[in-house]
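**Q**
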Amino acid sequence: MATTQLERPGDRGLSARARRALKAVPLAWKRFWRLVSLYMPKRLYARSLIIVIAPMILLQSVLAFVFMERHWQTVTQRLSQATVRDIAAIVDLVETYPNDADYANIIRIAQDRMQLKIDLLPPDPLPAPGPKPFFSILDEILSSEITHQINRPFWIDTVGNSNIIEVRVQLEGKVLRAFVRRSQAYASNTHIFLIWMVGTSLVLLMIAIPFLRNQIRPILTLAEAAESFGKGRPMPLDFRPRGAEEVRRAGFAFIQMRERIERQLEQRTAMLTGVSHDLRTILTRFKLQLALTGTKADTEALGQDIDDMQSMLEGYLAFARGEATEDAGRFNLEAYFDKLGEEATLRKRKLSTSLAGDPNVHVRPHAFARLLSNVVGNAFRYAKTVEINANHGRGSLLVTIDDDGPGIPPEKREHVFKPFVRLDEARNLDASGTGLGLAIARDIARSHGGDIMLDKSPLGGLRAVIKVPA
């Protein structure tokens, strides 16, 4: 019982360490994939190429390693064994018949039967060992076989691109020198396998890459069409679903979705246009009746109410329409900033503008002018000093509008973008009192694929940041 009680804390400690180790595995795995995704290419075509090429390279590397490690080494070892066996036989002949003065018969037998060119040299010391190559199976295997079969002092020269290998063996009173063709002791045609392997891979890649590009192109075209639609631009004229069946289905679904959205927008705009026309007719009758009847004091208040109703009606219609039917075109920021300068002079406001990059941007001109007019007009209404900084580059336009007005509390900055929202002390309260100025501005920005954000200005008031692709 005592032993069991002493083992339990250790067991609990071990299980706790095991649980911590198991919990650390998913975290390490997530960190690993975050690191991989950081360096992985972001485009689909590049990733698809990696998916095709990486397994091929891995497979070839494994095959090459197995071939070099097993087959090449085995063949080289067997060839070296046979060559060293022939040299060992010559050594035995020389030692068996020492009375042969010039060993002519042994030299003839070695050359005719064993394809070895041998010489018997004076008993000079063997040359000093030369530098060994960094990677040479032949040097290692041949040295091992000579040591195993002959077991005498020897010197070999396998370095270089020569087709001949020189082997010297120290005998009693003489030195046996043998010249062996490299192909007799070494599998020298291995490079043919590597050439065939790399060559066939290149041929397969030359076939796979164009095919892969043709499969990726419909997806890229679909992405461009969706991006254009998201920015409020017309869909490319040459767009039609192509490629694999799944890509075609996604293309047809996108076209149907786009048609449904445009049809709904047209129906909404047509309905509101009709309602606006009918209400304008009634308001015109009210104005005419007020003009013909009653005194000026009696009708002045009613006329002001009618003007307010007409202004509100125009605001509702503009918000519902959203300028979505306008085609994209060129909008010149410099010219628009000049107009804002004239407006600031009339309103007795201090305005400073700066522009970096191309002044021409590709947007819906009237809608974008309305966006800037709503935001800048809001700044003119509540501030004395306004600064506008525009930066056009890398496919996007960033416009920052700062003022020294009262600003908007942080918790209400997102709330003021909602339609018909009126804050008691808010600055989005336009002259019509509809609370649609910033809502219309954000709607236009998002129809271009961008957005508007509000923040605190360095001037002490409000900062409006407009970012749209252009």
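Oh and the sequence shown: position 424 is 424 in UniProt numbering, straight run, nothing missing. Beta carbons are placed, not taken as given, at the ideal position from N, Cα and C, and that holds for glycine.
1. Taking a contact to mean a Cβ-Cβ separation below 8 Å, would you say V363 touches V468 in this structure?
2. With L212 and L49 assumed to form a contact (beta carbons below 8 Å), what rounded beta-carbon distance in angstroms separates them?
3. Which of the three DSSP states, helix, strand or coil, is assigned to D338?
4. Does DSSP put T281 in a helix, a strand or coil?
5. On the CB-based measure, 16 or more other CB atoms within 10 Å of its CB, does G407 come out buried or exposed?
6. From the DSSP secondary-structure annotation, give me the bridge partner or partners of P469.
7. Have a look at E342, L220, R217 and V167 and flag the residue whose alpha-carbon is nearest the alpha-carbon of V376.
8. Around the C-beta of K348, are 16 or more other C-beta atoms found within 10 angstroms, so that it is buried, or is it exposed?
9. What alpha helix (DSSP H) runs, 4 residues minimum, are completely inside the stretch 151-206?
10. Going along the chain, which residues of its own chain have a beta-carbon closer than 6 Å to the beta-carbon of K174, five neighbours each way excluded?
11. Mind checking whether G449 and K231 have CB atoms under 8 Å apart?
12. Would you please state the rounded distance, in angstroms, between the beta carbons of I164 and A185? I believe it to be under 8 Å.
13. Helix, strand or coil: which one does DSSP assign to A464?
14. Suppose contacts are defined by Cβ-Cβ distances below 8 Å. Is D402 in contact with R442 by that definition?
15. Would you check if there are 3 or more beta carbon pairs closer than 8 Å linking the stretch 107-116 to the stretch 45-62?
16. Classify D102 as helix, strand or coil using the three-state DSSP reduction.
17. Under 6 Å Cβ to Cβ from D430, same chain only, skipping five residues before and after it: list those, please.
18. Could you have a look at I401 and say whether DSSP puts it in helix, strand or coil?
19. Short of 8 Å in beta carbon distance, which residues of its chain neighbour R181, apart from the five on each side in sequence? Order them along the chain.
20. Are any of the Cβ atoms in chain B nearer than 8 Å to that of G407?
21. Taking the alpha-carbon of L194 as reference, which of D307, W72, T345 and R47 has the nearest alpha-carbon?
22. Taking only the alpha-carbon atoms, compute the straight-line gap between L204 and L138 and give it to the nearest angstrom.
23. According to DSSP, simplified to helix, strand and coil, what is K456?
**A** Looking at the atomic coordinates:
1. yes
2. 7 Å
3. helix
4. helix
5. buried
6. S396
7. E342
8. exposed
9. 182-185
10. L120 and P123
11. yes
12. Not a contact, Cβ separation roughly 11 Å.
13. strand
14. no
15. no
16. coil
17. Low per-residue confidence applies at D430: pLDDT is 46, beneath 50, and the placement is therefore not dependable, though the value from the model is reported in the following sentence. G437.
18. strand
19. Q115, N163, I164 and I165
20. Among the chains of the structure shown, chain B does not appear; only one protein chain is present.
21. W72
22. 34 Å
23. strand
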